[in-house]
Amino acid sequence: MKPGHRMSSPASSLLALLTLFVVLALSAGCGDRGGAPGAEISVFEPPRGQVSSGDPAEVLIRVRNTGPEAHTFFVGYSVRDAAGEWLDAPVVPVELEPGAESGETTLVTPPLETPGPYAARVSVWSEAPGGEGEAGAERLAEQEKESAFRVSGASEEFAGGDALPAGWKATERKLGRGRLLPENVSMEAGKVRLKLPANAVSGGEIESEALYGPGSTYTARMKVPDAPSSITGFFLYEPPDLESEIDIEVFNEPSGRILFTTYADGKQTHTKEKKLPFDPTEDFHDYGFFYGEDSVVFYVDGEEMQRFGTGIPTEKMQLYVNSWYPTWLQTRKPASDRYTYIEWIEH
Numbered sequence: 007m008k009p010g011h012r013m014s015s016p017a018s019s020l021l022a023l024l025t026l027f028v029v030l031a032l033s034a035g036c037g038d039r040g041g042a043p044g045a046e047i048s049v050f051e052p053p054r055g056q057v058s059s060g061d062p063a064e065v066l067i068r069v070r071n072t073g074p075e076a077h078t079f080f081v082g083y084s085v086r087d088a089a090g091e092w093l094d095a096p097v098v099p100v101e102l103e104p105g106a107e108s109g110e111t112t113l114v115t116p117p118l119e120t121p122g123p124y125a126a127r128v129s130v131w132s133e134a135p136g137g138e139g140e141a142g143a144e145r146l147a148e149q150e151k152e153s154a155f156r157v158s159g160a161s162e163e164f165a166g167g168d169a170l171p172a173g174w175k176a177t178e179r180k181l182g183r184g185r186l187l188p189e190n191v192s193m194e195a196g197k198v199r200l201k202l203p204a205n206a207v208s209g210g211e212i213e214s215e216a217l218y219g220p221g222s223t224y225t226a227r228m229k230v231p232d233a234p235s236s237i238t239g240f241f242l243y244e245p246p247d248l249e250s251e252i253d254i255e256v257f258n259e260p261s262g263r264i265l266f267t268t269y270a271d272g273k274q275t276h277t278k279e280k281k282l283p284f285d286p287t288e289d290f291h292d293y294g295f296f297y298g299e300d301s302v303v304f305y306v307d308g309e310e311m312q313r314f315g316t317g318i319p320t321e322k323m324q325l326y327v328n329s330w331y332p333t334w335l336q337t338r339k340p341a342s343d344r345y346t347y348i349e350w351i352e353h
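As structure tokens, then:
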């Protein structure tokens, strides 16, 4: 043994070993948190398709206990409308043994009034959120679906007869390279038909008699023609030009180009071109927008495509659909008649 070094006693070595054991045990205990609850959402089925305005929206869920002990979980269900407002269903307690899965549990929202697409979200909490134990409530699992379903508004089905339904009229005016003519508006099999005549640059337009303001979603189910250099618009507008307008413009071609535009106080405040993930000339699709006090949100087939939070018009406006030839596209007259079909308009 070298001078200055002392051999450790058996007692001190044992004490050091015991101390190390205690430290390791405490570290392991802190790491796994003992009997901390755990959960997963095994089934989440919000409504599909359409919910009528004034009806609630149900969701079907199953929850599995992934923790080591029996636990009472609290399951919440919320939906978000096009305006961004959340509505909550009452929270439901679900008691489960370790590894067990709940039966089918149905949660129901209050009646839904705002038309348009809705997001749906379900959450599993360790304690009842919002109650006395709110500070200790932990969100253990969550699933959310954007555009899970839509709430219908007042709908114009255009179902029947040779004339437009009450509240709508065909207009005549100069627009772009040609004129919008009433003779280019007709009905076919319960759908409005806007004609782009062969070897011409005229088009067709329908206009609502009523004025509409913010606080609703406006949707048209349409199929546009294959007529390059023309577009189909679905929009709110009130003259004079540029004063107030919220506009969706679909290019009448397979490319899928689409424009979202707003005008307010006599000027264009926003315009954005996007590309659709489909050929709009092949089938019917839903084109719509939510018109709020401080925002406009554009949707295609229920999926958000564009949002503007400034430069929003405030005047009440009329609702339009038209097909026409703008001056900013190179003119290509169609060799045969082409048609835009409108199955319904909802607002």
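Following our numbering, the numbering of the sequence shown begins with 7 at its first residue and continues without gaps.
Idealized CB from N, CA, C, for every residue including glycine.
Keep in mind that this is a model prediction, so the values were computed, not measured.
If we call anything under 9 Å between Cβ atoms a contact, is Ile348 one with Leu325? no
Keeping to the same chain, check which residues put their C-beta closer than 6 Å to that of Pro53; ignore five residues upstream and five downstream. Ala63, Phe155
Does the count of Cβ pairs from the segment 233 to 240 and the segment 329 to 341 closer than 8 Å reach three? yes
If you drop the 5 nearest sequence neighbours on each side, which residues of the same chain put their C-beta closer than 8 Å to that of Ser48? Arg68, Val69, Arg70, Glu107
Span separating the alpha-carbon of Gly315 from that of Pro203: 39 Å
Bridge partner(s) assigned by DSSP for Arg156: Gln56, Pro123
Local conformation of Pro188 per DSSP, three classes: helix
From the beta carbon of Ala95, is the nearest beta carbon of chain D less than 9 Å away? Judged by its chain identifiers, the structure shown contains no chain D, having just a single protein chain.
By how many angstroms is the C-alpha of Pro319 removed from the C-alpha of Lys229? 28 Å
Does the pairing of the segment 168 to 180 with the segment 203 to 216 give three or more beta-carbon distances under 8 Å? yes
Considering Cα atoms alone, identify which of Ile264, Glu309, His291, Glu194 is closest to Glu279. Ile264
Could you check if Trp334 is buried or exposed, using at least 16 other CB atoms within 10 Å of its CB as the buried criterion? exposed
With burial defined as no fewer than 16 other Cβ atoms inside 10 Å of the residue's Cβ, what is the status of Pro286: buried or exposed? buried
Contacts around Lys151, its chain only, beta-carbon distance under 8 Å, and the 5 residues preceding and following it disregarded: Phe50, Pro52, Ala125, Ala126, Arg127
Find out if the Cβ-Cβ distance for the pair Glu46, Thr72 is shorter than 9 Å. yes
For Gly315, does the three-state DSSP call read helix, strand or coil? coil
CA-CA distance, Leu181 and Pro332? 7 Å
So, are the CB atoms of Ser250 and Ala270 less than 9 Å apart? yes
Given this structure, state the Cα-to-Cα distance separating Thr112 from Gln149, to the nearest angstrom. 15 Å
Rounded to a whole number of angstroms, what is the C-alpha to C-alpha distance between Gln267 and Leu248? In the sequence on display, residue 267 carries Thr and not Gln. Thr267 and Leu248: Cα-Cα distance of roughly 11 Å.
Give me the Cα-Cα distance between Asp289 and Leu187, rounded to the nearest whole angstrom. 25 Å
Please name the residue in Gly109, Ala206, Pro96, Leu93 whose C-alpha comes closest to that of Trp330. Ala206
Hey, quick one: how far does the beta strand (DSSP E) through Gly173 stretch, first residue to last? Gly173 -> no beta strand (DSSP E), and no H or E assigned at all.
Does DSSP put Gly82 in a helix, a strand or coil? strand
Give the range of the beta strand (DSSP E) segment to which Gly294 is assigned. 291 to 297
Buried/exposed call for Glu103, threshold 16 Cβ in 10 Å: exposed
Taking the DSSP output, what are the residues bridged to Lys229? Tyr347
CB-CB under 8 Å to Pro283, same chain, minus the five flanking residues each way: which ones, in chain order? Gly262
Taking Cβ to Cβ, would you say Phe80 is nearer than 9 Å to Ser132? yes
Selection from Lys322, Met323, Asp292 that minimises the alpha carbon distance to Ser158: Asp292
Among Ala76, Gly209, Thr177, which has the Cα closest to the Cα of Arg183? Gly209
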